[in-house]
Structures are given as C-alpha cells and as structure tokens.
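Notes follow once the structure below has been shown.
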Ligand SMILES: [Zn+2]
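In the working numbering, the protein residues as written are 17 to 146.
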C-alpha cells in the first residue's frame with residue numbers, strides 16, 4: 017500500500033492519507049498558478065477539492081458502516097488522488113452481505129447511495145459560490 021499518514025479518527029476508524037495524496041496539493045498549486053487565480057477564486061477551488069474529498073471519505077464511511085452492521089471492523093480508510101479505500105478486516109462470504117459492504121457497479125444497491133446526494137450538493141455549492 018505504501019506509506020500513509022494518519023489524519024484523524026472518525027467513529028473509531030483511522031483516516032489516513034496515502035503519500036501520493038501530496039500530488040493533489042501539487043495539482044491544486046499548479047492549477048492556481050496556471051490560471052493565475054485570484055485569492056477568492058483560489059480559495060473557492062481549494063474548497064471544491066476539499067468538498068470532493070469529503071465526499072470520498074463519506075462514501076468510504078458508508079462501506080464501513082455497512083460492514084459494522086455485520087460485525088466487521090474497518091482497519092482504516094485511506095485517501096489518495098484517485099479516490100478512497102475502506103480496508104475491512106474481513107469480506108463477508110454471503111453475497112447479500114458482501115454486496116452491502118462492497119457493492120460493484122453491476123449490483124449497485126441503495127447501501128451505496130450515499131453518493132446520490134453528493135453531486136447535487138456539490139453542484140448547488142458551486143452555483144452558490146459562482
Ligand atoms: Zn465504494
């Protein structure tokens with residue numbers, strides 16, 4: 017997995033950042049510099065990127081909460097520039113339980129629909145800001 021850095025603990029689950037998450041900070045600095053953004057626009061862009069990662073963390077917490085219902089602990093949640101990962105102590109054998117903890121696109125159920133509100137929320141936030 018590579019080196020990770022502990023950020024905080026949420027409901028007993030350690031939240032960590034993969035070392036490559038630093039690339040996200042470089043990306044933000046690059047975009048701010050490339051587009052010569054004003055301070056206000058830079059803050060808005062940083063908040064947008066933060067909001068995106070809050071959504072990723074909430075998504076992973078959704079997996080963790082689903083797993084907790086089956087007494088499966090989450091070792092940690094790791095965020096990286098390409099998304100997040102909730103590392104579960106175990107993967108349930110029973111398909112119904114497995115799908116609720118680890119849904120795939122093919123069998124997406126509403127257990128994973130904590131994403132559904134995020135895009136509209138980000139859109140509304142963007143509209144309110146701009
Ligand atoms: Zn997921």
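Where is the CB? At the ideal position from N, CA and C, for every residue including glycine.
Identify the continuous alpha helix (DSSP H) that holds residue i and give its terminal residues.
i          : result
residue 54 : Note, residue 54: premise wrong, no alpha helix (DSSP H); not H, not E.
Assuming residue i contacts residue j (C-beta within less than 8 Å), just tell me the rounded distance between them.
i           : j           : result
residue 107 : residue 100 : With 8 Å as the limit, residue 107 and residue 100 do not qualify as a contact, their Cβ atoms being about 17 Å apart.
residue 29  : residue 80  : 6 Å
residue 40  : residue 97  : 5 Å
Based on the DSSP output, what are the partners of residue i in its beta bridges?
i           : result
residue 99  : 96
residue 107 : Residue 107 is not bridged to any residue.
residue 26  : 29
residue 148 : Because the chain in this structure spans residues 17 to 146, residue 148 falls outside the shown range and cannot be described.
residue 90  : 104
For residue i, decide whether its Cβ has a neighbour in chain B, counting only Cβ atoms nearer than 9 Å.
i           : result
residue 140 : Reference to chain B is not applicable here, since this structure consists of a single protein chain.
State whether the stretch 71-89 contacts the stretch 43-63, with contact taken as three or more CB pairs (one from each stretch) at a distance under 8 Å. no
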